[in-house]
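J.: One structure follows; several queries about it will come next.
Number of protein chains: 2
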Amino acid sequence: MKVTIYDVAKQAGVSIATVSKVINNTGRMRESTRKRVLETMEELNYRPNVMASALMGKRTETIGLLVQDISNPLFSEVARTIEDRAHERGMNVIICSTDANREKEKKYVELLMRKQVDGLIMGSSFHDKKLLQELISDGFPLAMLTHDDSSLPVSTVSVDDFKGGYEAASHHLFNGHRRIAIIAEHAYSSNFRISGYQAAHKAYGVECREEYFYRTHGTIENGKKYFEKLFHRKDIAPPTAIFACNDQLAIGVIQGAKAQGLGIPEDLSVIGFDNTILATTTVPGLTTVAQPIVTMGKKIVDVLVDEIQAGRSLRERVLYNPELIVRGTTYAAKESAANMKPL
Amino acid sequence: MKVTIYDVAKQAGVSIATVSKVINNTGRMRESTRKRVLETMEELNYRPNVMASALMGKRTETIGLLVQDISNPLFSEVARTIEDRAHERGMNVIICSTDANREKEKKYVELLMRKQVDGLIMGSSFHDKKLLQELISDGFPLAMLTHDDSSLPVSTVSVDDFKGGYEAASHHLFNGHRRIAIIAEHAYSSNFRISGYQAAHKAYGVECREEYFYRTHGTIENGKKYFEKLFHRKDIAPPTAIFACNDQLAIGVIQGAKAQGLGIPEDLSVIGFDNTILATTTVPGLTTVAQPIVTMGKKIVDVLVDEIQAGRSLRERVLYNPELIVRGTTYAAKESAANMKPL
DNA sequence: GAAAATAGATTAAGCGCTTAACTAAAAATA
DNA sequence: TATTTTTAGTTAAGCGCTTAATCTATTTTC
Numbered sequence: 001m002k003v004t005i006y007d008v009a010k011q012a013g014v015s016i017a018t019v020s021k022v023i024n025n026t027g028r029m030r031e032s033t034r035k036r037v038l039e040t041m042e043e044l045n046y047r048p049n050v051m052a053s054a055l056m057g058k059r060t061e062t063i064g065l066l067v068q069d070i071s072n073p074l075f076s077e078v079a080r081t082i083e084d085r086a087h088e089r090g091m092n093v094i095i096c097s098t099d100a101n102r103e104k105e106k107k108y109v110e111l112l113m114r115k116q117v118d119g120l121i122m123g124s125s126f127h128d129k130k131l132l133q134e135l136i137s138d139g140f141p142l143a144m145l146t147h148d149d150s151s152l153p154v155s156t157v158s159v160d161d162f163k164g165g166y167e168a169a170s171h172h173l174f175n176g177h178r179r180i181a182i183i184a185e186h187a188y189s190s191n192f193r194i195s196g197y198q199a200a201h202k203a204y205g206v207e208c209r210e211e212y213f214y215r216t217h218g219t220i221e222n223g224k225k226y227f228e229k230l231f232h233r234k235d236i237a238p239p240t241a242i243f244a245c246n247d248q249l250a251i252g253v254i255q256g257a258k259a260q261g262l263g264i265p266e267d268l269s270v271i272g273f274d275n276t277i278l279a280t281t282t283v284p285g286l287t288t289v290a291q292p293i294v295t296m297g298k299k300i301v302d303v304l305v306d307e308i309q310a311g312r313s314l315r316e317r318v319l320y321n322p323e324l325i326v327r328g329t330t331y332a333a334k335e336s337a338a339n340m341k342p343l
Numbered sequence: 001m002k003v004t005i006y007d008v009a010k011q012a013g014v015s016i017a018t019v020s021k022v023i024n025n026t027g028r029m030r031e032s033t034r035k036r037v038l039e040t041m042e043e044l045n046y047r048p049n050v051m052a053s054a055l056m057g058k059r060t061e062t063i064g065l066l067v068q069d070i071s072n073p074l075f076s077e078v079a080r081t082i083e084d085r086a087h088e089r090g091m092n093v094i095i096c097s098t099d100a101n102r103e104k105e106k107k108y109v110e111l112l113m114r115k116q117v118d119g120l121i122m123g124s125s126f127h128d129k130k131l132l133q134e135l136i137s138d139g140f141p142l143a144m145l146t147h148d149d150s151s152l153p154v155s156t157v158s159v160d161d162f163k164g165g166y167e168a169a170s171h172h173l174f175n176g177h178r179r180i181a182i183i184a185e186h187a188y189s190s191n192f193r194i195s196g197y198q199a200a201h202k203a204y205g206v207e208c209r210e211e212y213f214y215r216t217h218g219t220i221e222n223g224k225k226y227f228e229k230l231f232h233r234k235d236i237a238p239p240t241a242i243f244a245c246n247d248q249l250a251i252g253v254i255q256g257a258k259a260q261g262l263g264i265p266e267d268l269s270v271i272g273f274d275n276t277i278l279a280t281t282t283v284p285g286l287t288t289v290a291q292p293i294v295t296m297g298k299k300i301v302d303v304l305v306d307e308i309q310a311g312r313s314l315r316e317r318v319l320y321n322p323e324l325i326v327r328g329t330t331y332a333a334k335e336s337a338a339n340m341k342p343l
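So, in structure tokens, the structure goes:
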């Protein structure tokens, strides 16, 4: 049967309170007693029951991680660093994929609350803002990754999406491109990437055309689909460059382009976002805007755990710099050999 | 403050036992009473505390999933289907990445046991066989994915690795290749893939040369590295085809080959294994042996949950058929235009 | 050497729930 | 109508732990 604190106490010839004290390293006792209890625990292969101690108001040492889809490389890479850091900090992680679906978000939050998780990391946009505000006003430990909504009094860790968008567009513009399409995601962060893209155009004195702008879910299929939309429009000249707001979209674009016989980057330059493993597996490698995934994953755990330990919101806002990783999918546009500078 | 069963009981004017009964749908009571309690629960936004009920011997409705590395696409894809199915069955999943490291395996198993998880899924090879046997003989609900060790009395779900290896090698052989290298993983399943590869050679009357056999960890870097090893050996003619035992290795091989100026598949045919998202993002697409990931993920959860509910090991062994997905990285060998048949 | 302080341990209450045992009232049976 | 059975609910113990309150030596202080 299960070994309980009573078994240990009996065997060691002390009370359960004493055993509890050695478990938690609290109170005072003779060194010999501590040692004897420790040995007995070892001997009986005793494992304290987390449920019972959680019932007494201790932490469950479990945090919930809500992501859109753990099978998406960005999230699985983030999840891995979160998991590792959480373990270092003595916590387990329950991962839930919400599919950016309100119902699931709600269901999983409820479930996680019932399990008494100590805190929650929102791994990307969380759509049910009302539920979010409820959690926040309940003082529940919360940290948001990649969703820097300044209207919410929560700790956030994210990348400077504006800058990322700016750098991606600037790279294209610098390379002489003047017709640069953007395929954005239905995500909060995309708003900033779009703004950055627009700001870069302004800096270069290039008009930003509505016709080159699409917004969709960030899948490979959609990348392909919107590439085709872009290239089958009769009203506009096709773009010579595309800024896709995640790597999957970029890869879809590349696949669509290659299927049409277009050369990458000779005929079309493509930039992605995230620098997931996918960006490294294409040949040529995908030029993309890197998020410091490992750093961010670590940080979000630290922020959350600090908050849990402090017992109140620390409202930390951390913004990391994105980095443009130039690989093989971007190149000077045909119509302009000379590289360009902003105005 | 937290709403407890007492609050509900008081408000509804019943005893906590009655409330408990409506929560668990047990015992009998007037319909009007049940309804009143239900309404009160709703009204107070009451969420039963899983810890407390777990303490009373109920399930925690949590299962642990141990994988090598959740950031590896194969595992993240599997994890996603496991997660979904588990949720359908009313359970949460705690994911732990072991890095195929004994220490971590042990540490995470301990942690999960302390958290009273109802069962464990071993998502790939589990190295600490002793610990495994301990768990099994303790009667702890366990299911193994992709690790069909017949010496262990556990339920397993896996793909027919022998057949997968056989089909991969046969495809190369059929295409006329006679120098087919194999890069295997340090995983239990690789043994069968290797056997299948050897059996196919036998069927075609082709000698299997030791020099074309390597074993390593299944990363992109290692794919590249072993491609180079293979092509810089002076003692043997380089292979015209490679069977890599996972997609990452295959991609590494392709990257190495392209870096050397080799054309894929004209100069080198490559087959991977797993059919992860990575196999679809390369251009041309990677020919690979598909595991029915979704089916397997679902099944392993069902097996485990059935076992948990039955309260004893069902010792189910499920073997799925792999499927060779021919994409663009395999082609007839130069030295033989005609396709070949087995003896 | 008596009072006060300290060290080392125990007792007992209680966390939020489940459930076996019980009770009281209503319904069925004799 | 009296007795048995059924229904609808309650009481109370206990799951494995934490911790404040308590207790008993043993030391320290003056």
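So the sequence lines, in the order shown, correspond to chains A and B. Residue numbering for the first sequence is 1 to 343, as defined by the UniProt record's numbering. Residue numbering for the second sequence is 1 to 343, as defined by the UniProt record's numbering. All C-beta atoms in this analysis are idealised placements derived from N, C-alpha and C, irrespective of residue type, glycine included.
Residue 320 of chain A lies in the beta strand (DSSP E); which residues open and close that run?
T.: Within the first sequence, residue 320 of chain A is the residue found at index 320, counting from 1. Element bounds for residue 320 of chain A: 317 to 320.
J.: According to DSSP, what are the bridge partners of residue 122 of chain B?
T.: Taking the second sequence and counting its residues from 1, one reaches residue 122 of chain B at position 122. Its beta-bridge partners are B/66, B/144.
J.: What in chain A is Cβ-close to residue 52 of chain B, meaning under 7 Å?
T.: Counting from 1 along the second sequence, the entry for residue 52 of chain B is found at position 52. Near residue 52 of chain B (Cβ distances below 7 Å), the residues of chain A are 55.
J.: Contact defined as beta carbons within less than 8 Å: I believe residue 119 of chain A pairs with residue 142 of chain A. What is the distance between those atoms, to the nearest angstrom?
T.: Position 119 of the first sequence holds residue 119 of chain A. Position 142 of the first sequence holds residue 142 of chain A. Going by Cβ atoms, the distance from residue 119 of chain A to residue 142 of chain A rounds to 7 Å, so yes, they are a contact pair.
J.: Compare the Cα-Cα distances from residue 98 of chain A to each of A/26, A/301, A/106 and report the closest residue.
T.: Position 98 of the first sequence, counting from 1, holds the residue named residue 98 of chain A. Closest option to residue 98 of chain A, Cα to Cα, is A/106.
J.: At 7 Å on the CB atoms, spell out the chain B contacts of residue 352 of chain A, in chain order.
T.: Beyond the ends of chain A as shown, which are 1 and 343, falls residue 352 of chain A; an answer cannot be given.
J.: Quick one: what does DSSP say residue 95 of chain A is sitting in, helix, strand or coil?
T.: For this step, residue 95 of chain A is matched to residue 95 along the first sequence. The answer is strand: DSSP assigns residue 95 of chain A an E or B state.
J.: Closest to residue 48 of chain A by C-alpha separation, out of A/66, A/4, A/39, would be which residue?
T.: Indexing the first sequence from 1 puts residue 48 of chain A at position 48. Comparing Cα-Cα distances from residue 48 of chain A to each of A/66, A/4, A/39, the minimum goes to A/4.
J.: Measure the alpha-carbon distance for residue 218 of chain A versus residue 58 of chain B and round it to whole angstroms.
T.: Taking the first residue of the first sequence as position 1, residue 218 of chain A is located at position 218. Taking the first residue of the second sequence as position 1, residue 58 of chain B is located at position 58. So the alpha carbons of these two residues sit roughly 41 Å apart.
J.: Taking Cβ positions, are residue 179 of chain B and residue 239 of chain B nearer each other than 8 Å?
T.: Within the second sequence, residue 179 of chain B is the residue found at index 179, counting from 1. Within the second sequence, residue 239 of chain B is the residue found at index 239, counting from 1. Yes. Within cutoff.
J.: Quick one: Cα of residue 193 of chain B to Cα of residue 323 of chain A, how far?
T.: As a first step, residue 193 of chain B must be located in the second sequence, where it is residue number 193. As a first step, residue 323 of chain A must be located in the first sequence, where it is residue number 323. Using only the alpha carbons, I get a separation of about 41 Å.
J.: If distances are taken between C-alpha atoms only, which option among A/131, A/227, A/95 comes closest to residue 213 of chain A?
T.: Walking along the first sequence from the start, residue 213 of chain A turns up at place 213. With distances taken between Cα atoms, residue 213 of chain A lies closest to A/227.
J.: Kindly indicate the opening and closing residues of the beta strand (DSSP E) around residue 324 of chain A.
T.: Position 324 of the first sequence, counting from 1, holds the residue named residue 324 of chain A. Its beta strand (DSSP E) spans residues 323 to 325.
J.: Which chain B residues sit within Cβ distance under 7 Å of residue 255 of chain A?
T.: As a working note, residue 255 of chain A is residue 255 in the first sequence. Within 7 Å Cβ-Cβ: 283.
J.: Check whether the segment 281 to 301 of chain A touches the segment 266 to 273 of chain A, counting contact only when three or more Cβ pairs, one atom from each stretch, lie closer than 8 Å.
T.: Touching, yes.
J.: Name the residues in the segment 98 to 118 of chain A whose C-beta lies less than 7 Å from a C-beta of chain B; which are they?
T.: Listed by position along the chain: 110, 111, 113, 114, 115, 116.
J.: Comparing alpha-carbon positions, which option in B/121, B/50, B/30, B/34 lies nearest residue 305 of chain B?
T.: Reading the second sequence from its first residue, position 305 is the one you call residue 305 of chain B. Checking every option, the nearest Cα to that of residue 305 of chain B belongs to B/121.
J.: Any C-beta of chain A sitting closer than 8 Å to the C-beta of residue 271 of chain B?
T.: Position 271 of the second sequence, counted from the start, is the residue given in the question as residue 271 of chain B. No, no contact with chain A.
J.: Does residue 150 of chain B get closer than 8 Å to chain A when you measure Cβ to Cβ?
T.: Taking the first residue of the second sequence as position 1, residue 150 of chain B is located at position 150. Closer than 8 Å: no.
J.: Out of curiosity, what's the CA-to-CA distance linking residue 203 of chain B and residue 80 of chain A?
T.: The residue labelled residue 203 of chain B in the question sits at position 203 within the second sequence. The residue labelled residue 80 of chain A in the question sits at position 80 within the first sequence. Answer to the nearest angstrom: the Cα atoms are 43 Å apart.
J.: Applying the 10 Å Cβ sphere with the 16-neighbour rule, what's the burial state of residue 26 of chain A?
T.: Within the first sequence, the letter at position 26 stands for residue 26 of chain A. So residue 26 of chain A counts as exposed.
J.: Can a CB atom of chain B be found closer than 8 Å to the CB of residue 338 of chain A?
T.: Position 338 of the first sequence, counted from the first residue, corresponds to residue 338 of chain A. Low per-residue confidence applies at residue 338 of chain A: pLDDT is 49, beneath 50, and the placement is therefore not dependable, though the value from the model is reported in the following sentence. Residue 338 of chain A does not count as touching chain B.
J.: Residues in its own chain within less than 6 Å of residue 112 of chain B by CB, not counting five upstream and five downstream?
T.: Along the second sequence, one-based indexing puts residue 112 of chain B at 112. Closer than 6 Å at the Cβ level, and outside the excluded window around residue 112 of chain B, lie 64.
J.: Does the segment 85 to 94 of chain B come into contact with the segment 32 to 45 of chain B, if we say contact requires no fewer than three beta-carbon pairs (one atom in each stretch) closer than 8 Å?
T.: Touching, no, given that fewer than three Cβ pairs across the two stretches are closer than 8 Å.
J.: State yes or no: is the beta carbon of residue 251 of chain A nearer than 8 Å to at least one beta carbon in chain B?
T.: One-based indexing of the first sequence puts residue 251 of chain A at position 251. Yes - at least one Cβ of chain B is within 8 Å of the one on residue 251 of chain A.
J.: Against chain A, does residue 76 of chain B count as a neighbour if the rule is that its beta carbon must be under 8 Å from one of theirs?
T.: Numbered from its first residue, the second sequence carries residue 76 of chain B at position 76. So, interface residue.
J.: Got a sec? Which residues, its chain only, sit under 6 Å from residue 231 of chain A by beta carbon, not counting five neighbours each side?
T.: As a position in the first sequence, residue 231 of chain A is number 231, starting the count at 1. The residues are 238.
J.: If the cut is a Cβ gap below 8 Å, which residues of chain B does residue 49 of chain A touch?
T.: Here residue 49 of chain A refers to the residue found at position 49 of the first sequence. In chain order: 55, 114, 116.
J.: Which first and last residues belong to the beta strand (DSSP E) in which residue 214 of chain A is found?
T.: On the first sequence, position 214 is the one that residue 214 of chain A refers to. Residues 213 to 216.
J.: Could you compute how far the alpha carbon of residue 216 of chain B sits from the alpha carbon of residue 244 of chain B?
T.: Translated into the one-based positions of the second sequence, residue 216 of chain B becomes position 216. Translated into the one-based positions of the second sequence, residue 244 of chain B becomes position 244. If you take the alpha carbons of residue 216 of chain B and residue 244 of chain B, they lie about 11 Å apart.
J.: Span of the beta strand (DSSP E) holding residue 244 of chain A?
T.: In the first sequence, counting from the first residue as 1, residue 244 of chain A sits at position 244. Looking at the DSSP string, the run of the beta strand (DSSP E) that includes residue 244 of chain A is 241 to 244.
J.: I'd like to know if residue 83 of chain A contacts chain B, where contact means its C-beta is closer than 8 Å to some C-beta of that chain.
T.: Within the first sequence, numbered from 1, the residue matching residue 83 of chain A stands at position 83. Interface residue, yes.
J.: So, for residue 200 of chain B: in the same chain, excluding its five sequence neighbours on each side, which residues have a beta-carbon less than 7 Å away from its beta-carbon?
T.: One-based indexing of the second sequence puts residue 200 of chain B at position 200. Closer than 7 Å at the Cβ level, and outside the excluded window around residue 200 of chain B, lie 166, 169, 170, 173.
J.: Using 8 Å as the limit for Cβ to Cβ distance, is residue 278 of chain A near chain B?
T.: The sequence position of residue 278 of chain A within the first sequence is 278, counting from 1. For residue 278 of chain A, the answer is yes, since a Cβ of chain B falls inside 8 Å of its Cβ.
J.: Report the CB separation of residue 235 of chain A from residue 276 of chain A in whole angstroms; it is logged as a contact under 8 Å.
T.: Position 235 of the first sequence, counted from the first residue, corresponds to residue 235 of chain A. Position 276 of the first sequence, counted from the first residue, corresponds to residue 276 of chain A. Not really, about 34 Å apart at Cβ, beyond 8 Å.
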